[in-house]
Structure formats: structure tokens, C-alpha cells
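Participant: Structure incoming, see below.
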Amino acid sequence: MGGSIIRAVDGITLTIERGEFVALLGQSGSGKSTLLNLLAGLDRPTSGSVLVDGRDLAKMSSEDLARYRRNDVGMVFQAFHLIPAMTITENVELPMRFAEVERSERAQRVRESLERVGLGHRLEHRPSELSGGEQQRVSLARALANRPSMLLADEPTGNLDSRTGEDILNLIRDVSLSLGMTVVMVTHERALAERFAQRLVFLGDGKLISSSDPGPPAGPGFGLPGAQEALA
Amino acid sequence: MKGYDLLDLAVRNLRQSKLRNGLTTIGISVGVASLVAMLSLGVGLQQLATRRLAGSGMFDTVFVTSKQDFRGFDREEDQKDQHPENAPVLDEPARDKMAHLQYVTEVEPEVRVMGEIVYNGQTHFGFVTGLPMSARENEAFDNLQGKFFSRSDAGEVILLNDFAKELDPKNPKALIGQQVTLRYGERQPLATDSDNVGRPTLSDGQNAGNSNPASDTYGFSVVRKTQPLKVVGIIEEEPYGGMRTVSRGRIFLPVDLTETLNMAQFTDMRSSLRGGGKNYMTLTVRVKNPAKVAQVQDAIKQMGFRTFSVLDATKSLRRFFTVLDLFLGIFGSLALAVATLAIINTLVMAVLERRREIGVMKAIGASDGDVKRLFFAEAGAMGFFGGVLGIALGFAIGKAINIGTGIYLRNHQLPAEPVWILPPWLIGAAIAFSIVVSLLAGLYPASRAARLDPVQTLKYE
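So, in C-alpha cells, the structure goes:
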């Protein structure tokens with residue numbers, strides 16, 4: 022191998038409990054997004070393992086990984102990544118198409134998800150007609166559509182003003198509490214992370230710097246051995 | 011992903027860039043249209059040729075000749091047979107035997123002799139042909155002026171229009187109902203040896219020829235005779251024309267009449283050389299059902315005769331049209347090949363443009379297979395719409411060809427006939443072909459889309 026290999030994530034061993042709200046912090050290039058993608062099954066480690074409920078993502082076929090992303094994971098992005106040509110309703114419905122949810126059930130679940138994020142109107146509008154905060158809510162509703170057990174958020178407040186960012190994080194916390202969902206959020210805003218996450222994980226140059234426990238346990242599922250991640 | 015979701019998303023994506031996908035679809039449709047127009051032209055021409063043959067009334071007919079006579083169409087078959095001299099001749103017993111074959115309705119000799127028609131003191135030369143009553147069904151009589159023969163031995167004559175014009179250049183139609191006189195050569199037994207006019211067996215003849223020159227007196231006299239005839243009709247074209255003998259018949263008599271008149275024929279000469287009696291040059295065997303032609307033909311071949319039917323003609327015709335269709339197909343496919351490149355181009359562009367979207371779909375649960383199938387569905391949908399549009403376009407082109415040739419034919423005083431025919435199977439086949447070609451074109455873009463790394467596509471803002 023050449024000398025220019027960059028280890029985006031290197032020798033990290035991290036265990037995340039079911040229902041936990043974890044914030045991954047670090048400078049850009051610290052490997053926090055890569056860690057999130059590994060958790061999401063979008064990327065594979067060159068070595069090591071990613072264990073979710075005892076299953077090793079590193080050893081799954083791409084078909085199984087797709088199924089895992091579809092059923093067990095919901096993702097929220099900094100840039101929202103809604104499909105511009107689709108209406109709000111259709112965007113939220115999209116993951117259910119991949120999951121082959123019956124059509125009769127979809128409308129019900131779309132409404133349910135949108136209500137959960139506080140969006141009950143402008144459902145036939147396109148994403149570009151909505152404000153950033155509203156778009157992130159739609160994105161969150163989409164992430165919830167297949168009722169996953171884990172929510173992965175990549176800088177969810179990065180494109181929002183601080184007020185709206187707080188609203189979104191409040192929403193994420195409420196949803197995770199009421200659904201017992203594990204949340205892993207990548208952010209570089211330490212203040213927000215301290216306010217909402219139960220645990221802060223600091224990364225630098227692909228390595229784990231520290232893992233703190235800033236607040237009291239907040240979720241009903243907290244403390245149960247569930248999702249864990251180990252990278253060697 | 012379920013089928014309807016796949017199609018829904020595919021069509022939705024196609025509508026996103028209406029212009030580009032529309033143009034590509036039109037490209038496909040032009041390809042399909044040219045293919046359809048070409049193949050339909052092939053089909054149309056083939057049907058036209060088949061119709062011509064069917065109209066000639068020969069689909070139920072087998073022509074029988076003796077292998078002693080002219081070489082047949084099938085050289086190889088002739089060569090493996092015995093020496094032509096030993097081949098059976100077409101004589102009365104053979105005719106009788108054929109008439110009793112299964113499915114045979116009629117066995118008529120072909121009578122074709124030189125004759126003259128005397129009208130208004132003028133003499134006009136022409137070939138006289140005997141026609142059976144069944145010839146009425148031939149398309150040559152579709153625009154018969156006047157009537158057909160009343161009986162098979164009636165003293166009546168039908169003239170070819172060209173010949174009638176020779177008789178009466180100003181008003182050939184006025185000939186109908188007129189009396190004319192036919193001058194012909196009658197075959198008569200030799201006055202000195204009337205006993206030999208009968209039909210000695212071939213072996214007798216040979217013996218006589220070889221061992222006893224004194225009795226080698228076979229022969230006949232040809233004596234000029236006249237027969238008054240009433241002109242009953244005039245036709246434009248010779249029935250069964252073209253497929254048969256070299257000379258064009260212009261004077262038509264009922265076949266039984268020609269036999270009663272005992273006209274001297276070309277073959278009489280040949281049979282007299284061999285010492286044989288009267289025999290036929292060609293027998294026309296009519297079969298009850300065109301489907302049985304091959305069977306009857308085989309039975310007659312078994313008897314040692316040479317046969318010819320339209321089946322033989324259509325065999326080579328079919329070969330010709332297979333080659334023609336192939337060439338028309340290749341020519342028509344060129345445009346479709348270009349359209350295929352357009353599909354690949356369009357879809358590769360779409361993959362590039364929708365990198366982000368593909369990444370998002372994968373992130374929220376689409377498998378590589380889902381992404382691949384989505385692009386396949388888009389290619390297939392373009393193929394389908396292009397195919398349907400292409401059929402419509404090809405139909406329009408074909409109509410234009412038909413109208414064009416129709417005008418051309420009418421300008422040349424010919425009846426307009428469709429040369430372009432779109433059979434239903436071609437509609438289905440063209441659409442299916444268009445979809446298959448589009449799917450093949452989608453192969454590369456689809457796998458390229460499926461291989462996209464979601465992490466890369468989602469990274470850049």
C-alpha cells in the first residue's frame with residue numbers, strides 16, 4: 022500500500038446503549054461523519070466490526086445493509102436532502118416504498134410521522150417552498166416513517182439559525198424519548214450538544230479523545246445493553 | 011420495491027426532464043417507425059405477390075408434363091431420374107389414372123395450337139388455347155366483356171382484347187355476338203394406313219421401328235379445316251398467363267371443342283417420331299383443396315411425371331422475401347441503433363444529475379438492486395412510449411407510401427393496391443423489440459447508478 026492512506030476512523034471502541042442520545046463532537050476531518058456513516062451501514066470499515074444488536078454490519082451483504090438502513094435506521098442530514106421534485110407527503114412516503122409497505126397503510130403512517138414533527142399543513146408543497154426548519158422537520162418525519170430503532174443525525178442544525186436549531190433538537194429529543202429511539206448526532210456545536218445529549222464523544226484525527234457523561238439519564242431505555250459499536 | 015412503485019417513480023423521473031427524455035423518446039420512435047415502415051413494406055410486397063399468385067387461380071392446380079419433354083425447373087431432380095426416353099408419356103390411360111386420384115376434380119389437356127381467325131375477309135394469326143369451364147373462376151375473367159362459354163363443347167370463342175383490336179381496331183367490343191371463322195390444322199389419319207392411327211403400345215412401336223422398316227409408317231396428315239365460331243367475350247389478360255408456355259394465347263375455345271376438332275399439336279409430331287399414338291404436352295390437374303396440392307403432386311410424381319405447381323413458385327418467392335425482409339430490417343434498425351445511443355446518453359446524464367438523489371435513496375433504504383431497477387424501468391418506459399409513438403409514426407409513413415403508390419398506379423392506368431401492410435403481430439413485436447433494446451441500452455447507466463457510493467454523493471454541499 023502507498024503512504025497516503027488516511028485513517029478517517031482509527032482504533033475507536035465505543036458502546037452506545039439503547040435509547041441513548043449521543044453527540045459526536047470534533048473538528049472537521051476528525052472522523053465523526055465517517056463514524057456515523059459506519060453506523061448507518063453506508064460505509065464499511067476496512068477492518069474491525071460494527072455490532073448492532075449482535076449483528077456485524079461489516080460482514081453483511083450490501084442487500085442486507087440496505088435492509089438494515091431501511092428498517093433499523095433513520096437519517097437526518099445537514100442539507101436535509103429532500104427530493105426536490107416530490108411533495109412533502111411523497112418525500113415522507115419514499116422510504117416506505119423501498120420497505121414495500123402496503124399502499125393502504127402508507128397514508129396513515131405519513132400523517133402520523135408528520136404530526137409527530139408538528140407539520141400538519143402544506144403537505145402537498147415542494148421542499149423548496151418551505152423554510153429550512155420546516156424542511157428539517159420533513160426530513161425527520163421521513164427518518165421516522167419506517168419506525169426505526171436508531172436515529173442518525175449528521176449536523177442537523179448546521180444549516181439552521183440557532184433558534185430553529187434548538188427547536189429541531191428539542192423535537193429530536195422528544196421523539197427519541199417517546200419512541201425509545203437511540204440517537205447519534207454529529208455536531209460541532211458543543212453548547213447544543215451539552216444541552217441535549219446524554220453523552221458527548223470527542224473525536225480528533227480519527228481517534229477517540231474522550232467520552233463524557235454530561236447529564237442525568239433521560240430515556241426509558243437508557244442503561245439497557247443494546248446498540249454497541251466497536252472498532253479496532 | 012414493488013412494481014407499481016418502480017413504474018411510478020420511473021415515470022415521475024422521466025417527467026422531471028421532459029424535453030430531454032421527450033427528445034430521446036422521439037428518437038426511439040423514429041427508429042421504431044423506420045423499422046416498422048420497412049418491415050411492413052416487406053410484408054405488404056409479399057402479400058401483394060401472394061395475392062397475384064392466388065388470383066392467377068393456380069393454387070389448386072398442378073401442371074404435369076412428361077419427362078420426355080422439356081427440362082423441368084428442378085435440374086437436379088431430373089438428372090437423378092432414368093433416361094428421359096424411358097419416361098412414361100402423357101397419354102389417355104395416364105390422364106385417366108390422374109383423374110381418379112384422390113382430391114383431383116378435373117384433368118384437362120393444355121391445347122395450344124396455331125390458328126387463324128378470318129373476319130371481314132381478313133386473316134389474323136394467333137395461338138388457340140383450350141380453356142376448361144373451371145377457368146371462369148380465374149381472375150382474368152373478373153372484367154370479362156360479354157359472356158363465358160355456354161358449354162364445354164359450344165362453338166364459341168373468347169378473344170384477347172389485343173387480338174380483338176386487331177380484328178376491329180375502331181370498336182373491338184362490337185365483335186361480341188359476331189360470327190368469325192377459325193382456320194386450323196386437323197390431324198387426320200394417313201389415308202394409306204388408317205389402321206395405324208390407333209394407339210399401338212410403345213413396345214410395338216419400337217419393335218416395328220427397329221425390326222420392320224416396312225411397317226414404319228406412323229404419321230398423320232395435317233389438313234386445313236375451318237370452323238365457324240361465335241364471339242362471346244373479350245378479356246384483357248390471358249388466364250393462367252405467364253406461368254406456362256412461351257407463346258401467348260390470344261384465341262380461347264372451350265377445351266372439349268378443341269378436342270373434338272382434333273387439332274394437330276406440336277406434340278403430335280414428337281409422338282409420331284416415336285411411333286406412339288396421341289398424347290398430351292401438358293395436363294392441368296385441378297385439386298379440390300389447395301392444401302392437398304402437395305399430396306396430389308407427390309402421387310403424380312410417383313407415376314413418373316414431372317409436375318409443377320405454385321407451391322414450387324412460392325418456395326423461391328418465400329426465400330426471396332426472407333432476404334428482402336432481412337435487408338429492410340437491417341436498414342430500418344439503423345435508426346433504432348442510433349436511438350439506443352441516445353438512450354444511453356440520456357440515462358448517463360440522468361445518473362450524473364441525480365447523484366445526490368441516488369445517494370439519498372440509498373441512505374433511506376434503497377438497495378443497489380432498487381436503484382438499478384429504477385433506471386431500468388426508466389429505460390423500459392422510454393422504450394415503451396417510443397415504441398407506441400413509433401408505431402403511430404410508422405403507420406403514418408406507411409399510409410403515405412400507400413397513397414403515393416396508389417396515385418402512381420392510377421396515373422399508369424393500373425388499379426391501386428396496398429403495398430404496405432401493418433400486421434398486428436408486427437405492432438406487438440415492434441413495441442416489445444423497442445422495450446428490449448431500451449433495456450439493453452439501460453444496462454450500463456443502471457449499473458453505474460447502482461454502483462454509486464452514497465457517502466461520496468452525500469458529502470458535498
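Heads up: the sequence lines are chains V and W, in that order. FYI, the numbering for the first sequence is 22 to 253, going by the working numbering. FYI, the numbering for the second sequence is 11 to 471, going by the working numbering. Every residue, glycine too, gets a C-beta built ideally from N, C-alpha and C. These numbers come from a predicted model, not from an experiment.
(1) Against chain V, with Cβ distances strictly below 8 Å, would W/G452 count as a contact?
(2) Is the separation between the beta-carbon of W/V242 and that of W/F159 shorter than 8 Å?
(3) In this structure, how does DSSP classify V/S70 when only helix, strand and coil are distinguished?
(4) So, does the CB of W/I374 fall closer than 8 Å to a CB anywhere in chain V?
(5) Answer with yes or no whether the minimum CB distance from V/H142 to chain W is below 8 Å.
(6) Whose Cβ in chain V lies nearer than 7 Å to the Cβ of W/P455?
(7) Starting from W/I244, trace the alpha helix (DSSP H) in both directions and tell me its first and last residue.
(8) Just list the residues that DSSP pairs W/I127 with in beta bridges.
(9) Could one say the Cβ of V/A120 lies closer than 8 Å to chain W's Cβ atoms, at least one of them?
(10) Throw me the rounded Cβ distance for the W/L170 and W/R260 pair, which I believe falls under 8 Å.
(11) Give the list of continuous beta strand (DSSP E) stretches no shorter than 3 residues that lie fully inside the stretch 121 to 148 of chain V.
(12) In three-state terms, what does DSSP make of W/K302?
(13) Inspect the beta-carbon positions of V/G95 and V/L144 and report whether they are closer than 8 Å.
(14) Nearest CA to the CA of W/I168: which residue from W/Q198, W/I441 and W/F137?
(15) Quick check: the Cα distance between W/E102 and W/S44, rounded to an integer number of angstroms?
(16) Check whether the Cβ atoms of W/E166 and W/L271 sit closer than 8 Å, and answer yes or no.
(17) Only counting runs of 3 or more residues, tell me where the beta strand (DSSP E) segments fall wholly within the stretch 166 to 196 of chain V, in order along the chain.
(18) Whose Cβ in chain W lies nearer than 9 Å to the Cβ of V/R91?
(19) Can the beta-carbon of W/V297 be found less than 8 Å from the beta-carbon of W/T75?
(20) Could you tell me the boundaries of the alpha helix (DSSP H) in which W/A451 lies?
(21) Please confirm if V/R163 has its CB atom under 8 Å from at least one CB of chain W.
(22) Could you spell out where the alpha helix (DSSP H) holding V/S54 opens and where it closes?
(23) Using the Cα positions of W/V358 and V/L45, report the straight-line distance between them to the nearest angstrom.
(24) Is it the case that the Cβ atoms of V/Y89 and V/G69 are separated by a distance below 8 Å?
(25) Thinking C-beta only, is W/I401 closer than 8 Å to W/I437?
(26) Find the nearest neighbour of W/V53 within the set W/I417, W/P428, W/P264 and W/L293, judged by alpha-carbon distance.
(27) Which chain W residues sit within Cβ distance under 7 Å of V/M96?
(28) Report the residue from V/G201, V/L200, V/L181 and V/R39 whose alpha carbon sits nearest the alpha carbon of V/E210.
(29) With 8 Å set as the bound, which would you pick, yes or no: does the beta-carbon of V/R27 sit closer than that to a beta-carbon of chain W?
(30) Taking the beta strand (DSSP E) that W/P103 belongs to, which residues open and close that run?
(31) Kindly indicate the opening and closing residues of the beta strand (DSSP E) around W/S282.
(32) Mind checking who V/G47 pairs with in its DSSP beta bridge?
(33) Tell me which same chain residues have a C-beta within less than 6 Å of the C-beta of W/P98, skipping the five on either side of it?
(34) Which residues in chain V have a C-beta closer than 7 Å to the C-beta of W/Q26? List them in chain order.
(35) If you measure between the beta carbons of W/F385 and W/G452, is that distance less than 8 Å?
(36) What is the residue span of the alpha helix (DSSP H) that W/L419 lies within?
Facilitator: In brief:
(1) Within the second sequence, numbered from 1, the residue matching residue 452 of chain W stands at position 442. Cβ-Cβ to chain V under 8 Å: no for W/G452.
(2) On the second sequence, position 232 is the one that residue 242 of chain W refers to. On the second sequence, position 149 is the one that residue 159 of chain W refers to. Cβ atoms of W/V242 and W/F159: closer than 8 Å.
(3) Taking the first residue of the first sequence as 1, we reach residue 70 of chain V at position 49. It is a strand residue.
(4) Numbered from its first residue, the second sequence carries residue 374 of chain W at position 364. Judged by the 8 Å Cβ criterion, W/I374 is in contact with chain V.
(5) Stepping through the first sequence from its first residue, residue 142 of chain V is reached at position 121. No, its Cβ sits nowhere closer than 8 Å to a Cβ of chain W.
(6) Here residue 455 of chain W corresponds to residue number 445 of the second sequence, with the count starting at 1. Simply none; closest approach about 19 Å.
(7) Numbered from its first residue, the second sequence carries residue 244 of chain W at position 234. Not the alpha helix (DSSP H): W/I244 falls in the beta strand (DSSP E), residues F230 to I245.
(8) Taking the second sequence and counting its residues from 1, the one referred to as residue 127 of chain W is at position 117. Beta-bridge pairing links W/I127 to W/H134 and W/L192.
(9) In the first sequence, counting from the first residue as 1, residue 120 of chain V sits at position 99. Yes, V/A120 lies at the interface with chain W (some Cβ there is under 8 Å from its Cβ).
(10) For this step, residue 170 of chain W is matched to residue 160 along the second sequence. For this step, residue 260 of chain W is matched to residue 250 along the second sequence. That belief holds up - the Cβ atoms of W/L170 and W/R260 are roughly 4 Å apart, short of 8 Å.
(11) none
(12) If you number the second sequence from 1, residue 302 of chain W lands on position 292. W/K302: helix per DSSP, three-state reduction.
(13) By one-based count along the first sequence, residue 95 of chain V stands at place 74. By one-based count along the first sequence, residue 144 of chain V stands at place 123. No.
(14) If you number the second sequence from 1, residue 168 of chain W lands on position 158. Ranking W/Q198, W/I441 and W/F137 by Cα distance to W/I168 puts W/F137 first.
(15) Taking the second sequence and counting its residues from 1, one reaches residue 102 of chain W at position 92. Taking the second sequence and counting its residues from 1, one reaches residue 44 of chain W at position 34. Cα-Cα distance, rounded: 58 Å.
(16) Position 156 of the second sequence, counted from the start, is the residue given in the question as residue 166 of chain W. Position 261 of the second sequence, counted from the start, is the residue given in the question as residue 271 of chain W. Result no, Cβ atoms of W/E166 and W/L271 do not sit closer than 8 Å.
(17) 171 to 175
(18) For this step, residue 91 of chain V is matched to residue 70 along the first sequence. Going along chain W in sequence order, the residues near V/R91 (Cβ under 9 Å) are I374, G375, A376 and S377.
(19) Locating residue 297 of chain W in the second sequence gives position 287, where the first residue counts as 1. Locating residue 75 of chain W in the second sequence gives position 65, where the first residue counts as 1. Contact flag unset, no.
(20) Taking the second sequence and counting its residues from 1, one reaches residue 451 of chain W at position 441. W/A451 -> alpha helix (DSSP H) spans P434 to R461.
(21) As a first step, residue 163 of chain V must be located in the first sequence, where it is residue number 142. Chain W contact via Cβ: present.
(22) Here residue 54 of chain V corresponds to residue number 33 of the first sequence, with the count starting at 1. Looking at the DSSP string, the run of the alpha helix (DSSP H) that includes V/S54 is K53 to A61.
(23) Taking the first residue of the second sequence as position 1, residue 358 of chain W is located at position 348. Taking the first residue of the first sequence as position 1, residue 45 of chain V is located at position 24. Each residue's alpha carbon lies about 37 Å from the other.
(24) Taking the first residue of the first sequence as 1, we reach residue 89 of chain V at position 68. Taking the first residue of the first sequence as 1, we reach residue 69 of chain V at position 48. No.
(25) For this step, residue 437 of chain W is matched to residue 427 along the second sequence. For this step, residue 401 of chain W is matched to residue 391 along the second sequence. Their beta carbons are under 8 Å apart, which means W/I437 touches W/I401 by this criterion.
(26) Walking along the second sequence from the start, residue 53 of chain W turns up at place 43. Nearest C-alpha to W/V53: W/P428.
(27) Translated into the one-based positions of the first sequence, residue 96 of chain V becomes position 75. Per Cβ cutoff of 7 Å: A373 and I374.
(28) For the purposes of this step, residue 210 of chain V is identified with residue 189 of the first sequence, where counting begins at 1. For V/E210, the nearest C-alpha among the options comes from V/L181.
(29) Residue numbering aside, residue 27 of chain V sits at position 6 when the first sequence is read from its first letter. Residue identity check: residue 27 of chain V is Ile in the sequence provided, not Arg. It does not: the Cβ of V/I27 has no partner Cβ on chain W nearer than 8 Å.
(30) Working through the second sequence from its first residue, we reach residue 103 of chain W at position 93. Looking at the DSSP string, W/P103 is not in any beta strand (DSSP E); the run it does join, the alpha helix (DSSP H), is E102 to A109.
(31) Residue numbering aside, residue 282 of chain W sits at position 272 when the second sequence is read from its first letter. Per DSSP, W/S282 belongs to no beta strand (DSSP E); it is in the alpha helix (DSSP H), F276 to L283.
(32) Walking along the first sequence from the start, residue 47 of chain V turns up at place 26. Answer is V/L224, bridged to V/G47.
(33) Numbered from 1 along the second sequence, position 88 holds the residue referred to as residue 98 of chain W. Excluding sequence neighbours, W/P98 sits near G314.
(34) Along the second sequence, read from residue 1 onward, the residue named residue 26 of chain W stands at position 16. Result: A106.
(35) Taking the first residue of the second sequence as position 1, residue 385 of chain W is located at position 375. Taking the first residue of the second sequence as position 1, residue 452 of chain W is located at position 442. A contact, by the Cβ cut-off of 8 Å.
(36) Counting from 1 along the second sequence, the entry for residue 419 of chain W is found at position 409. Here the alpha helix (DSSP H) through W/L419 covers D378 to N421.
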